[in-house]
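Worksheet: the structure to be examined is printed underneath.
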Amino acid sequence: MVEITIDGKKINVSEDQCVLEGALTNGIYIPHLCHHKDLPENGSCRMCIVSVDGSNEVTPSCKLMPKEGMVINTKSEKIDKLRFLALDLLLAGHPEDCSTCPKYGNCELQTLIQYMGGASNRMRRRSKGFKENKENPLIEHDMNRCVLCGRCVRACKNLREVNVLDYKKEDMETYIGTLHDKLLKDEGCRFCGACAEVCPTGTIRDKLMIANPDKKKEDVVLPCKAACPVHTDIPKYIRFAKAGDFDGATAVIREKIPFPTSLGYICTHVCELSCKRKELNDSMSIRNIKRYVSEHSTGKYWKEGGKQLPDTGKKVCIVGAGPAGMTAALYLRKQGHDVTVKEALSNAGGMLRYGIPKYRLPREVIDEEVKFITDKGVKLETGSKVEKPIELKNDYDAVLMAIGTHKGVRLPLEGNDLKGVLINTDFLRNVSEGKETNMGERVVVLGGGNVAFDCARSAVRLGAKKVSLACLEAREVMTADDEEIKEAQEEGIEVFPAKTFEKITGEGNVTGVDFMNVLSFEFDENRRAIITKEPNSEMHIDCDTVIFATGQRSDISPEAGLKIGRANSIDTDFETLKTSEDGIFAAGDTIYGTKSVIEAVASGRKAASLIDIYLGGDGDITEKLAPEEPEITSIGHIDGFGDLERKEPKIKSANERKDNFDKFDFGLCDSDVCGESTRCLQCDLRLNISSPRLWDEYSTKEVEV
Ligand code: FES
Numbered sequence: 041m042v043e044i045t046i047d048g049k050k051i052n053v054s055e056d057q058c059v060l061e062g063a064l065t066n067g068i069y070i071p072h073l074c075h076h077k078d079l080p081e082n083g084s085c086r087m088c089i090v091s092v093d094g095s096n097e098v099t100p101s102c103k104l105m106p107k108e109g110m111v112i113n114t115k116s117e118k119i120d121k122l123r124f125l126a127l128d129l130l131l132a133g134h135p136e137d138c139s140t141c142p143k144y145g146n147c148e149l150q151t152l153i154q155y156m157g158g159a160s161n162r163m164r165r166r167s168k169g170f171k172e173n174k175e176n177p178l179i180e181h182d183m184n185r186c187v188l189c190g191r192c193v194r195a196c197k198n199l200r201e202v203n204v205l206d207y208k209k210e211d212m213e214t215y216i217g218t219l220h221d222k223l224l225k226d227e228g229c230r231f232c233g234a235c236a237e238v239c240p241t242g243t244i245r246d247k248l249m250i251a252n253p254d255k256k257k258e259d260v261v262l263p264c265k266a267a268c269p270v271h272t273d274i275p276k277y278i279r280f281a282k283a284g285d286f287d288g289a290t291a292v293i294r295e296k297i298p299f300p301t302s303l304g305y306i307c308t309h310v311c312e313l314s315c316k317r318k319e320l321n322d323s324m325s326i327r328n329i330k331r332y333v334s335e336h337s338t339g340k341y342w343k344e345g346g347k348q349l350p351d352t353g354k355k356v357c358i359v360g361a362g363p364a365g366m367t368a369a370l371y372l373r374k375q376g377h378d379v380t381v382k383e384a385l386s387n388a389g390g391m392l393r394y395g396i397p398k399y400r401l402p403r404e405v406i407d408e409e410v411k412f413i414t415d416k417g418v419k420l421e422t423g424s425k426v427e428k429p430i431e432l433k434n435d436y437d438a439v440l441m442a443i444g445t446h447k448g449v450r451l452p453l454e455g456n457d458l459k460g461v462l463i464n465t466d467f468l469r470n471v472s473e474g475k476e477t478n479m480g481e482r483v484v485v486l487g488g489g490n491v492a493f494d495c496a497r498s499a500v501r502l503g504a505k506k507v508s509l510a511c512l513e514a515r516e517v518m519t520a521d522d523e524e525i526k527e528a529q530e531e532g533i534e535v536f537p538a539k540t541f542e543k544i545t546g547e548g549n550v551t552g553v554d555f556m557n558v559l560s561f562e563f564d565e566n567r568r569a570i571i572t573k574e575p576n577s578e579m580h581i582d583c584d585t586v587i588f589a590t591g592q593r594s595d596i597s598p599e600a601g602l603k604i605g606r607a608n609s610i611d612t613d614f615e616t617l618k619t620s621e622d623g624i625f626a627a628g629d630t631i632y633g634t635k636s637v638i639e640a641v642a643s644g645r646k647a648a649s650l651i652d653i654y655l656g657g658d659g660d661i662t663e664k665l666a667p668e669e670p671e672i673t674s675i676g677h678i679d680g681f682g683d684l685e686r687k688e689p690k691i692k693s694a695n696e697r698k699d700n701f702d703k704f705d706f707g708l709c710d711s712d713v714c715g716e717s718t719r720c721l722q723c724d725l726r727l728n729i730s731s732p733r734l735w736d737e738y739s740t741k742e743v744e745v
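First residue of the sequence shown: 41, per the numbering used here; consecutive thereafter.
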């Protein structure tokens with residue numbers, strides 16, 4: 041450090057930082073524009089000029105390195121005059137109307153003009169006449185607003201080393217463009233957003249930021265992480281995966297999720313639906329990367345590491361060993377509590393085991409992930425149905441009800457009690473346990489979600505000769521994942537979207553189902569279905585088995601002693617997760633209805649935190665498992681980056697898979713995981729770029745004109 045004096049004020053600054061940055065770091069504002077803390081200086085705008093005692097010259101303070109005892113003046117008549125001249129030059133080609141600019145109110149140029157008390161307007165204004173370029177994905181350019189500070193060029197060249205942007209000239213007018221005047225994607229742009237981040241004006245703009253002005257910046261910059269119910273640090277684990285550090289990648293995931301491999305197989309991957317890469321060609325295969333790294337992790341970092349607080353002496357009972365219950369159990373154990381999980385069925389896993397067929401999720405994956413939790417000290421009692429949770433309060437300090445939704449819904453429909461009518465939950469549980477299902481040869485599944493497809497595809501594997509699936513929803517709003525629908529159709533399942541279920545026909549035994557076409561379908565404010573049918577669109581499918589896959593409820597009654605809410609849920613305050621009974625909490629599907637495994641994990645985490653607070657802890661269940669990443673600024677150039685194709689997993693053909701319950705999706709292969717990881721835009725790195733501080737945030741903010 042050296043001591044310098046700026047406008048009479050002594051400050052200590054680093055010898056490695058320019059005088060401008062030293063001043064800014066010490067809260068002293070010197071006007072500037074082309075300077076950015078993370079970029080090399082180019083000294084082009086000359087707004088930061090100062091004079092040094094002993095010299096008649098002025099010099100840009102961004103180019104001036106401090107020396108012990110240096111005395112600097114940032115204000116004088118000469119400096120003001122030259123600054124106004126520099127500002128006039130910057131503004132000569134800039135539009136006068138700022139109110140239409142997307143950066144209005146947040147523009148560094150605008151705040152600079154305010155600091156200067158306005159421009160002198162001596163320069164003749166001219167219009168640059170560039171056309172706004174909105175053809176690129178994610179980013180748009182309006183070169184009319186550019187003041188050629190060159191921050192974007194330095195961000196692209198020096199910071200990221202992508203080398204796509206440069207200064208260009210057209211009809212004597214300089215502008216920033218791509219090297220060969222092609223679209224960003226065709227020049228190998230990595231769409232990291234650094235150029236938009238450092239642009240001080242409204243020249244280079246982030247389309248998603250413009251479209252989402254009210255969202256938190258981090259959520260717009262990192263939509264995958266924002267969409268994930270537990271906010272897994274997705275770009276970070278993808279970087280570890282790219283480097284071949286599968287332990288590091290898994291540790292990042294395990295900081296939030298105790299079921300990474302299971303989720304690698306079956307997660308509904310809402311993150312992929314939000315992935316910005318899809319604006320270029322196709323979203324990242326995030327779920328498959330998760331599966332690959334967790335299947336290839338040795339356990340380094342996360343198996344032995346992580347938090348384990350000393351025993352608190354408090355006892356918690358968790359009812360239900362599904363993903364919500366087991367997640368809560370793990371984190372409560374890590375907080376030092378004595379945790380017992382009581383599971384009514386003969387094995388742990390909940391819907392992972394009894395709802396999802398094993399061709400989608402091998403049982404050894406669930407076993408291994410449950411074992412990790414019990415190895416950490418969670419006691420598991422299977423075959424232990426809790427009828428009266430209130431009585432658990434005699435032995436435990438807190439109770440969590442995570443009983444899931446294991447009771448299928450039989451719609452009130454003529455013929456719903458005929459022989460041959462089955463219920464999704466019972467059917468899938470019997471399939472999972474290898475028990476008799478009482479299914480016939482021609483099956484109709486009623487429902488359009490993933491569970492309905494699990495039923496239909498299981499029926500195919502059990503040997504049904506014909507399987508059809510019908511649902512109220514139109515094809516584009518069916519809730520099942522697209523790949524489920526596609527793979528089911530490949531296996532010969534006929535899918536009939538937009539159908540009403542008129543009645544199940546038959547006398548004694550099922551003989552078929554009558555349907556009509558749906559013209560429109562919505563729910564009213566009371567969640568009642570309002571359906572408009574197409575006249576004369578009657579249709580019948582012959583069958584001997586009907587499987588209702590039209591919803592699931594919790595298997596609980598008022599006799600349990602807890603207040604029952606909508607659709608037989610446990611009435612629970614969504615904020616506190618408290619039920620009607622003090623000390624009894626609830627989480628997962630049983631409070632909000634059937635959602636996804638990752639939602640259940642999120643709910644289990646929240647329950648752990650709230651119960652820990654209830655028991656006197658701080659509720660902080662966060663833990664650090666992954667190793668520190670080195671600071672990353674450069675990502676380099678990759679020819680054809682925007683066209684890199686999504687790597688798909690290796691999957692058995694329909695014929696190979698449809699007569700057995702064996703795993704058929706083998707995930708990404710060894711040679712593809714790095715390639716797929718390379719496709720990531722690494723949007724998170726943008727959040728490491730220093731944000732500018734506008735002049736009114738500094739202590740020396742008096743307007744000096
Ligand atoms: Fe120093 Fe632009 S900030 S010359």
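For each residue, glycine too, the CB sits at the ideal point set by N, CA and C.
Keeping to the same chain, check which residues put their C-beta closer than 6 Å to that of residue i; ignore five residues upstream and five downstream.
i: G676; result: E201
i: V507; result: V483, A496, A499, V500 and I533
i: E742; result: At E742 the pLDDT is 47, less than 50, meaning the model places this residue with poor confidence; the figure from the coordinates comes in the next sentence. The answer is none, since no qualifying residue turns up.
i: F286; result: V333, H336 and S337
i: E172; result: D182
i: A266; result: D259
Which stretch, first to last residue, makes up the beta strand (DSSP E) that contains residue i?
i: E578; result: From DSSP, E578 is part of no beta strand (DSSP E); its letter is neither H nor E.
i: S560; result: N549 to F563
i: A132; result: Careful: A132 lies outside any beta strand (DSSP E) and carries neither H nor E.
i: I463; result: V461 to I463
i: D378; result: D378 to K382
i: M441; result: A438 to M441
With DSSP as the reference, label residue i as helix, strand or coil.
i: V484; result: strand
i: Q529; result: helix
i: P598; result: helix
i: A514; result: coil
i: T140; result: coil
i: I106; result: The residue asked about is misnamed: residue 106 is Pro in this sequence, not Ile. Coil, per DSSP.
i: N176; result: coil
i: A520; result: coil
i: Y632; result: helix
i: F706; result: coil
i: D724; result: helix
i: T45; result: strand
i: M479; result: coil
i: L199; result: helix
i: K741; result: The pLDDT assigned to K741 is 48, lower than 50, so where the model puts this residue is not dependable; a value taken from the coordinates is nonetheless given after this. It is coil, neither helix nor strand.
i: E473; result: helix
Residues in its own chain within less than 7 Å of residue i by CB, not counting five upstream and five downstream?
i: R294; result: P300, W342 and L665
i: Q529; result: V535
i: S731; result: none
i: P106; result: V42, I44, V53, E55, V59 and G62
i: G242; result: C141, P142, K143, C147, D182 and R185
i: P135; result: N184 and R185
i: K168; result: G133, M183, N184 and E213
How far does the alpha helix (DSSP H) with residue i in it reach, from first residue to last?
i: M249; result: K247 to A251
i: K208; result: Segment L205 to E210 is the beta strand (DSSP E) holding K208; no alpha helix (DSSP H) there.
i: F412; result: R403 to D415
i: S314; result: V310 to S314
i: M391; result: M391 to Y394
i: K374; result: P363 to K374
From the DSSP output, which residues share a beta bridge with residue i?
i: S508; result: V484 and E534
i: G546; result: V550
i: Y215; result: K208
i: N456; result: Partner(s): none; N456 has no beta bridge.
i: R570; result: In the sequence as displayed, the identity of residue 570 is Ile instead of Arg. E562, per the DSSP bridge assignment.
At a cut-off of 6 Å, would you count residue i as near the ligand FAD, judging by its Cβ distance to the nearest heavy atom?
i: H75; result: Among the ligands modelled here, namely the ligand FES, the ligand FAD does not occur.
Subject >> Continuous alpha helix (DSSP H) assignments of at least 4 residues falling wholly in the segment 665-702 >> reply: Within the segment 665-702, complete alpha helix (DSSP H) segments of at least 4 residues are found at 694-697, given in chain order.
Subject >> Complete runs of the alpha helix (DSSP H) confined to the segment 220-292 [at least 4 residues] >> reply: Residue ranges of uninterrupted alpha helix (DSSP H) with 4 or more members, entirely inside the segment 220-292 and ordered along the chain, are 234-238, 247-251, 257-261, 263-267 and 274-282.
**OP:** Kindly provide the ranges of any beta strand (DSSP E) runs that are 3 or more residues long and lie completely inside the segment 328-359, ordered along the chain.
**Re:** Qualifying beta strand (DSSP E) stretches, in chain order: 355-359.
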